[in-house]
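Undergrad: Numbering (the UniProt record's numbering), first residue to last: 1 to 229. Note that CB positions come from ideal geometry on N, CA and C, so glycine has one too. Since this is a predicted model, take the numbers as computed values, not measurements. Following this message is one structure expressed as structure tokens.
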Ligand SMILES: [Zn+2]
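So this is what it looks like as structure tokens:
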């Protein structure tokens, strides 16, 4: 990646991700960020090594017979047949999953590929399109496409909002976010994300509660709220 990613999940989230204690939907956003971010890949490796080290220091009662049985079972497994090996090679040679929206093709991070293959129908509103991903139940997880020169109306958050930029760039009152940047907004944050005049943007959006739009006519805001959640 040509540019440096500026917005990372931070150590507590990376640690919880390595420990496997995050909700599946939050873990998805963190995993997809890690796929795009060499810095957090390194941190995650360090955290995992630390965890393994801590585990290794814990006294473990080892049953010798179990170990021998396990070794025996591993050795007894038939070697991979030529055909299976060929299939595996084929699978790994397959190009990365991509999705197409607004006649644009986007390659997705590994962590999202399987889910994105089963995304819901694209719903369009103005220059914005959203497709739900079949992820966990605690959060609303979707792909969010924003055409160039388009603004998401100003909103605050009733819960946690995580937005991972997958391609392109968005700006809001607080900064500028490019591919790999992870924005985490809490209920106190109000912002108006928009794209630049010459570039569209694809994001992963993870929401724990609906957005709350601030401006405009109430009768128009309710459909807007439903559109995003
Ligand atoms: Zn990072």
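Runs of 3 residues minimum, wholly inside the UniProt domain "ChrR-like cupin" (137 to 205): which ones carry the beta strand (DSSP E) assignment?
TA: Within the UniProt domain "ChrR-like cupin" (137 to 205), the complete beta strand (DSSP E) runs of at least 3 residues are 140 to 146, 155 to 157, 161 to 172, 175 to 178 and 182 to 185.
Undergrad: So does residue 17 have its beta carbon nearer than 7 Å to some heavy atom of ligand 1?
TA: It does not: the Cβ of residue 17 is nowhere closer than 7 Å to a heavy atom of ligand 1.
Undergrad: Between which two residues does the beta strand (DSSP E) harbouring residue 130 extend?
TA: Its beta strand (DSSP E) spans residues 128 to 132.
Undergrad: Just to check my reading of the structure: residue 129 and residue 102 have Cβ atoms closer than 8 Å, yes? What is that Cβ distance to the nearest angstrom?
TA: Correct: roughly 7 Å between the Cβ atoms.
Undergrad: Is residue 99 close to ligand 1? I mean its beta-carbon at under 7 Å from any heavy atom of the ligand.
TA: Residue 99: no, Cβ never under 7 Å from ligand 1.
Undergrad: In chain order, what residues place their C-beta within less than 6 Å of a heavy atom belonging to ligand 1?
TA: Checking every Cβ against the heavy atoms of ligand 1 under 6 Å gives 5, 8, 33, 37, 39 and 40.
Undergrad: Pick from 52, 28, 11 and 194: whose alpha carbon is nearest that of residue 146?
TA: Nearest of 52, 28, 11 and 194 to residue 146, Cα basis: 194.
Undergrad: So, with DSSP's three-state summary, where would you put residue 7?
TA: Note: residue 7 maps to coil in three-state DSSP.
Undergrad: Around the C-beta of residue 181, are 16 or more other C-beta atoms found within 10 angstroms, so that it is buried, or is it exposed?
TA: Burial call: buried.
Undergrad: Return the chain-ordered list of same chain residues with a C-beta closer than 6 Å to the C-beta of residue 154, the five sequence neighbours on each side being excluded.
TA: Around residue 154: 192, 214 and 215.
Undergrad: Could you round the C-beta distance between residue 241 and residue 19 to whole angstroms and report it? I think they count as a contact, below 8 Å.
TA: With the chain covering 1 to 229 only, the question about residue 241 has no answer from this structure.
Undergrad: Could you pull the start and end residues of the alpha helix (DSSP H) that residue 22 belongs to?
TA: From DSSP, residue 22 is part of no alpha helix (DSSP H); its letter is neither H nor E.
Undergrad: Under the three-state reduction of DSSP, which class applies to residue 72: helix, strand or coil?
TA: Helix, per DSSP.
Undergrad: Is it true that the CB of residue 138 sits closer than 8 Å to the CB of residue 233?
TA: With the chain running from 1 to 229 in the structure shown, residue 233 is simply not present.
Undergrad: Label residue 142 either buried or exposed according to how many other C-beta atoms from any shown protein chain fall within 10 Å of its C-beta, with 16 as the threshold for buried.
TA: Buried, because 16 or more other Cβ atoms sit within 10 Å of the Cβ of residue 142.
Undergrad: If you draw a straight line from the C-alpha of residue 54 to the C-alpha of residue 17, how long is it?
TA: Distance between the alpha carbons of residue 54 and residue 17 is about 16 Å.
Undergrad: Based on Cα-Cα distance, which residue from 222, 212 and 41 lies nearest to residue 188?
TA: Looking at the Cα atoms, 212 is the closest of the given residues.
Undergrad: What is the C-beta distance between residue 111 and residue 35, in whole angstroms, given that I count them as a contact (C-beta under 8 Å)?
TA: Indeed, because the Cβ distance is near 5 Å, the residues count as touching under 8 Å.
Undergrad: Between which two residues does the alpha helix (DSSP H) holding residue 208 run?
TA: Per DSSP, residue 208 belongs to no alpha helix (DSSP H) and is neither H nor E.
Undergrad: Take the Cβ of residue 22 as the centre, count every other Cβ of all protein chains shown within 10 Å, and call the residue buried at 16 or more, exposed below.
TA: Buried: at least 16 other Cβ atoms inside 10 Å.
Undergrad: Would you report the Cα separation of residue 99 and residue 68, rounded to the nearest angstrom?
TA: The straight-line gap from Cα to Cα measures roughly 48 Å.
Undergrad: At a Cβ threshold of 8 Å, is residue 46 touching chain B?
TA: The structure shown contains no chain B, having only a single protein chain.
Undergrad: Please go through the same chain and pick out, in chain order, the residues whose beta-carbon is closer than 6 Å to the beta-carbon of residue 168, but skip the five residues on each side of it.
TA: These residues qualify, in order along the chain: 199, 200 and 201.
Undergrad: Out of curiosity, what's the CA-to-CA distance linking residue 7 and residue 37?
TA: Answer to the nearest angstrom: the Cα atoms are 10 Å apart.
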